[in-house]
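To keep things clear, I will list the structure first and then write my remarks on it.
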Amino acid sequence: SAVISQKPSRDICQRGTSLTIQCQVDSQVTMMFWYRQQPGQSLTLIATANQGSEATYESGFVIDKFPISRPNLTFSTLTVSNMSPEDSSIYLCSVVPSGETQYFGPGTRLLVL
Amino acid sequence: TQLLEQSPQFLSIQEGENLTVYCNSSSVFSSLQWYRQEPGEGPVLLVTVVTGGEVKKLKRLTFQFGDARKDSSLHITAAQPGDTGLYLCAGAHTGNQFYFGTGTSLTVIP
C-alpha cells in the first residue's frame, strides 16, 4: 500500500493566476498519475508522471496548461496555469506501488473565481 | 478510450435494502478494482479482482468479475448509511493503464 498526502487540500484562486499542487508519497514509486474530478463524477486522467522521464499527457491536456514535475520517486507537483473558472475541480494524485492496484491522495479542491 | 459504463448512475435506498451496481465494458481487462469515495476525500480501494469469474466478499459487499473479464458487479447486502458514497470501478491493462467507470452515487437513507 501507499500513504499519499496532497497540499493544499483546498484553495480559492483568481482567474489568470497559477496554483501548484504537491503530492507526497510515503514510499518510492515509479508510476504516479494526476487526475481531475468534478464533484460526484468520475475521474479524468490528466497525465502520467514517471520519474526520470517527461510526463505523458492525455488528449485534451497540454504541458503548457498543466506542467508537471517529478524530481524523485516520492514527490510530484502539478501546476494549473492561467486558471479560469472552468478549471474549478478536484485534483487527485495516485500511485501504483506494485502490481495493478492504485492508491489515491485525498485530493485538492480548487475554486477559481 | 476504453469506456466503462456503470449503472445505475444514482441510487437512493432505505437502510436495510440490498443493491447491485454494474460495471460493463466491451474491453477485456487484466484486473478490475472497485473504489468508494466519500465527500471531501480521495477514492479508497475496496477490492481488486483478477480472475474471470472470481467472487470476493468484504463483509456485506460481494464483488464479481465476469467470466470474460469485461464486466463486474458489486452487491451490497443490508445497506447502511455508512455505505453512502460514490462507487467507482476501474479496469486495468497490463502496463498500468487504468480506465475509470462513470461512477455510481449511492445514498442510504436511515
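Chains Y and A, in that order, are what the protein sequence lines are. Residues 1 to 113, numbered by the working numbering, are exactly what the first sequence covers, in order. Residues 1 to 110, numbered by the working numbering, are exactly what the second sequence covers, in order. C-beta atoms are modelled at their ideal positions from N, C-alpha and C, and glycine is treated no differently. Model, not experiment: these values are computed from the prediction.
Residues near residue i in its chain [Cβ-Cβ closer than 6 Å; skip 5 each side]
i	result
T77 of chain Y	T20, Q22 and S69
I109 of chain A	Q14
T48 of chain A	S31 and Q33
L86 of chain A	Q37, G103 and S105
7 Å Cβ shell around residue i - same chain, five flanking residues per side excluded
i	result
L46 of chain A	W34, Y35, R36, L58 and L61
For residue j and residue i, the rounded distance between their alpha carbons
i	j	result
C93 of chain Y	T77 of chain A	32 Å
G40 of chain Y	L11 of chain A	13 Å
V95 of chain Y	Q51 of chain Y	12 Å
Q6 of chain Y	S73 of chain A	31 Å
F29 of chain A	L3 of chain A	12 Å
R69 of chain A	Y22 of chain A	13 Å
P8 of chain A	L45 of chain Y	23 Å
P81 of chain A	Q6 of chain A	21 Å
F98 of chain A	E54 of chain Y	19 Å
G105 of chain Y	A92 of chain A	19 Å
T94 of chain A	E100 of chain Y	8 Å
Contact with chain A by residue i, beta-carbon distance below 8 Å
i	result
S53 of chain Y	no
T101 of chain Y	yes
S76 of chain Y	no
F104 of chain Y	yes
With 16 other Cβ atoms within 10 Å as the buried cut-off, status of residue i
i	result
Q102 of chain Y	buried
S62 of chain Y	Correcting the residue type first, residue 62 of chain Y is Val in the shown sequence and not Ser. It is exposed - the Cβ of V62 of chain Y has fewer than 16 other Cβ atoms within 10 Å.
Coarse secondary structure for residue i, derived from DSSP in three states
i	result
E100 of chain Y	coil
D64 of chain Y	coil
G53 of chain A	coil
D26 of chain Y	coil
Close Cβ partners of residue i (< 8 Å) along its chain, the five nearest in sequence each way excluded
i	result
L113 of chain Y	I12, C13, Q14, R15 and P85
CB contact below 8 Å: residue i versus chain Y
i	result
S72 of chain A	no
L45 of chain A	yes
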